[in-house]
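> Under my numbering, the first residue of the sequence shown is numbered 28, with each subsequent residue one higher.
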Amino acid sequence: MSTSYDFDTVTDRRGTWCVQWDGVADRFGVDGLLPFTISDMDFETAPEVLAALRTRLDHGVFGYTDWQQDDFTSAIAHWYTTRYGTTIDTGRLVYAPSVLSQLSQLLQMWTSDGDGVVVHTPTYDGFRKAVTGLGRELRGVPLGDTAALERELARQDSKVLLICSPHNPTGRVWTEAELAEMALFATRYGVAVISDEIHADFVHDGHRHVPWPRVAGDGRWAVITSASKSFNFPALTGSYGIIGRPADRTEFLRRMQTAEGLASPAVFSLTAHIAAYREGGAWLDALRAYVTGNLALVAERLNAEFPGLGWEPPQAGYLAWIDVRKAGVEDDEALQRVLIEQERVAVMPGSVYGAEGFVRLNVGCPRSKAEAGVEALIRGIRAVRAARA
Numbered sequence: 028m029s030t031s032y033d034f035d036t037v038t039d040r041r042g043t044w045c046v047q048w049d050g051v052a053d054r055f056g057v058d059g060l061l062p063f064t065i066s067d068m069d070f071e072t073a074p075e076v077l078a079a080l081r082t083r084l085d086h087g088v089f090g091y092t093d094w095q096q097d098d099f100t101s102a103i104a105h106w107y108t109t110r111y112g113t114t115i116d117t118g119r120l121v122y123a124p125s126v127l128s129q130l131s132q133l134l135q136m137w138t139s140d141g142d143g144v145v146v147h148t149p150t151y152d153g154f155r156k157a158v159t160g161l162g163r164e165l166r167g168v169p170l171g172d173t174a175a176l177e178r179e180l181a182r183q184d185s186k187v188l189l190i191c192s193p194h195n196p197t198g199r200v201w202t203e204a205e206l207a208e209m210a211l212f213a214t215r216y217g218v219a220v221i222s223d224e225i226h227a228d229f230v231h232d233g234h235r236h237v238p239w240p241r242v243a244g245d246g247r248w249a250v251i252t253s254a255s256k257s258f259n260f261p262a263l264t265g266s267y268g269i270i271g272r273p274a275d276r277t278e279f280l281r282r283m284q285t286a287e288g289l290a291s292p293a294v295f296s297l298t299a300h301i302a303a304y305r306e307g308g309a310w311l312d313a314l315r316a317y318v319t320g321n322l323a324l325v326a327e328r329l330n331a332e333f334p335g336l337g338w339e340p341p342q343a344g345y346l347a348w349i350d351v352r353k354a355g356v357e358d359d360e361a362l363q364r365v366l367i368e369q370e371r372v373a374v375m376p377g378s379v380y381g382a383e384g385f386v387r388l389n390v391g392c393p394r395s396k397a398e399a400g401v402e403a404l405i406r407g408i409r410a411v412r413a414a415r416a
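1. Can you tell me the Cα-Cα spacing of G167 and D350, whole angstroms?
2. State yes or no: is the C-beta of A227 within less than 8 Å of the C-beta of H236?
3. Is it buried or exposed, P169, if we count other Cβ atoms within 10 angstroms and call 16 or more buried?
4. Taking the alpha helix (DSSP H) that I103 falls in, what are its first and last residues?
5. Is the distance from the Cβ of G307 to the Cβ of E75 below 8 Å?
6. Cα-Cα, which of R215, Y380 and Q129 is closest to L180?
7. Below 8 Å on the Cβ atoms is my guess for V200 versus V242; work out the distance and round it to an integer in Å.
8. Give every residue of the same chain whose Cβ lies closer than 7 Å to the Cβ of S257, excluding the five residues on either side of it in the sequence, and list them in chain order.
9. So what does DSSP say about K186, is it helix, strand or coil?
10. When you compare each of F260, G337, G268 and G288 to T117 by their alpha carbons, which one comes out closest?
11. Can you list, in chain order, the residues of its chain whose CB lies under 7 Å from that of V34, leaving out five sequence neighbours each side?
12. Counting only the same chain and skipping the five closest in sequence on each side, list residues whose C-beta sits under 7 Å from that of S253.
13. Tell me which residue opens and which closes the alpha helix (DSSP H) that W48 is part of.
14. Do the region 397-413 and the region 364-381 touch if we need at least three Cβ pairs shorter than 8 Å?
15. Can you check whether the CB of G384 is closer than 8 Å to the CB of G377?
16. Do you know how far the Cα of D359 is from the Cα of R415?
17. Grab me the residues of D245's own chain with a C-beta within less than 8 Å of its C-beta, minus the 5 sequence neighbours each way, in chain order.
18. Identify every run of the alpha helix (DSSP H) within the region 360-413, keeping only runs that are complete inside it and at least 4 residues long; order them along the chain.
19. One question on the structure: do E398 and L324 come within less than 8 Å of each other, judged by their Cβ atoms?
20. Just list the beta strand (DSSP E) runs in the region 105-166, keeping only unbroken ones of 3 residues or longer that don't cross its boundaries, in chain order.
21. Give the range of the beta strand (DSSP E) segment to which A416 is assigned.
22. Among residues of its own chain, excluding the 5 on either side of A102, which ones have a beta-carbon nearer than 7 Å to its beta-carbon?
23. So within the region 29-76, which uninterrupted alpha helix (DSSP H) runs reach at least 4 residues, ignoring any that extend past its ends?
24. Note the first and the last residue of the continuous beta strand (DSSP E) segment covering G344.
25. For R412, which residues in the same chain have their Cβ closer than 6 Å to its Cβ, ignoring the five residues on either side in sequence?
26. In the DSSP output, which residue or residues are listed as bridge partners for P169?
27. Would you please state the rounded distance, in angstroms, between the beta carbons of E177 and G143? I believe it to be under 8 Å.
28. Since I believe L280 is in contact with V51 (beta carbons under 8 Å), could you give me their beta-carbon distance rounded to a whole number of angstroms?
29. Between which two residues does the alpha helix (DSSP H) carrying W239 extend?
30. Take the Cβ of M28 as the centre, count every other Cβ of all protein chains shown within 10 Å, and call the residue buried at 16 or more, exposed below.
31. Excluding the 5 residues preceding and the 5 following Y151 in the sequence, name in chain order all residues of the same chain whose CB lies nearer than 8 Å to its CB.
32. Which runs of the alpha helix (DSSP H), 4 residues or longer, sit entirely within the region 258-306?
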């Protein structure tokens, strides 16, 4: 018997200390904007996750916790087997407070000051901050430029290839052949690979996520990920990784315990992961189908208003990456001013990801909000074009 889920109901998130709603002024300088920004969603998490959290909460005792338990590690293995047809060695798993905390430790393990970290452009801003904040050199390669990728990896001081799979902000899903080629280059030039796969569960129909362990070979590598993105519980903290070499895993765990002081993971994170991966698949499938409808709406409205745009939904995720230059917008700052001052919406400018002329519209939300967002964007584009005429 199928279960029906309600994704249309609007949940008021204001006053919950959430970054997307309550923190909008920190990035845009104005309070009260309707936000389509940071990549979390406006939906309640899966009912199976909520039920598990309530049960754990009702227990009432919240002592120190150990993540190295079969309930947690086997749930991850189960998810990879059933979702991706991939068997993972649970002895390679690690836990960390967040994906970015994993990234920071891995970069410190595998690089030194001034070393090069190769990324695809446009680039998730969290990557840029992590790499440059540690004194490493961020080396961008245009998405899809294989020759440029190999050139950068061949440089003697390029030490890590950092990929987002699927890619953020574009929503691009790498094919197995593309990933295998990256693995070949990395092995050839002795470069470690860190694959951020936090958007993997949101791959849309017609595409398939290939976990990095499927192509990794004998090189040095790590996958960093979490259920928090797809099941919408980042506020619970918690992530996990898969590290290829036993010695690297041991060193990572040592660093987390000493440099980071991680003695006990968040129990609600473990609880949520286990429930999501054991019981939440049907909810996630329904949510992904709903978000596909939101993205179809964006495509229909944008392409009807601006026939030259030719916008297509992303292959993964709920982030609409839109080249507004094709709609006749040549001034990014003017568009942002109109969106903020006249339309009262917050939409991420492409400059955040190193791509002028783009915006990133988050439609991980009830359809009514997605409709409001795309209509505001359409009016904003019209206003900028009219002012230029």
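Glycine included, each C-beta is placed from N, C-alpha and C at the ideal position.
According to the structure data:
1. 19 Å
2. yes
3. exposed
4. D97 to Y111
5. yes
6. R215
7. The pair is not a contact, with the Cβ atoms about 14 Å apart (cut-off 8 Å).
8. D228, F229 and L311
9. strand
10. G268
11. Before going on, a small fix: residue 34 reads as Phe here, not Val. Taken in chain order, the residues that qualify are F70, L314, Y317 and P393.
12. V126, I225, G265, S266 and Y267
13. V46 to D49
14. yes
15. yes
16. 13 Å
17. T214
18. none
19. yes
20. 120-123 and 143-148
21. Careful: A416 lies outside any beta strand (DSSP E) and carries neither H nor E.
22. H300, I301, Y304 and R305
23. 46-49 and 51-55
24. It is not in any beta strand (DSSP E) - G344 carries neither H nor E in the DSSP assignment.
25. G355
26. T148
27. No, E177 and G143 are not in contact; Cβ-Cβ is about 14 Å, not under 8 Å.
28. Actually they do not touch by this definition, with Cβ atoms about 37 Å apart.
29. W239 -> no alpha helix (DSSP H), and no H or E assigned at all.
30. Note that M28 has pLDDT 40, beneath the 50 cutoff, so the model's placement of it is unreliable and the number below is only indicative. That one is exposed.
31. C191, N195, P196, D223 and Y380
32. 273-285 and 294-306
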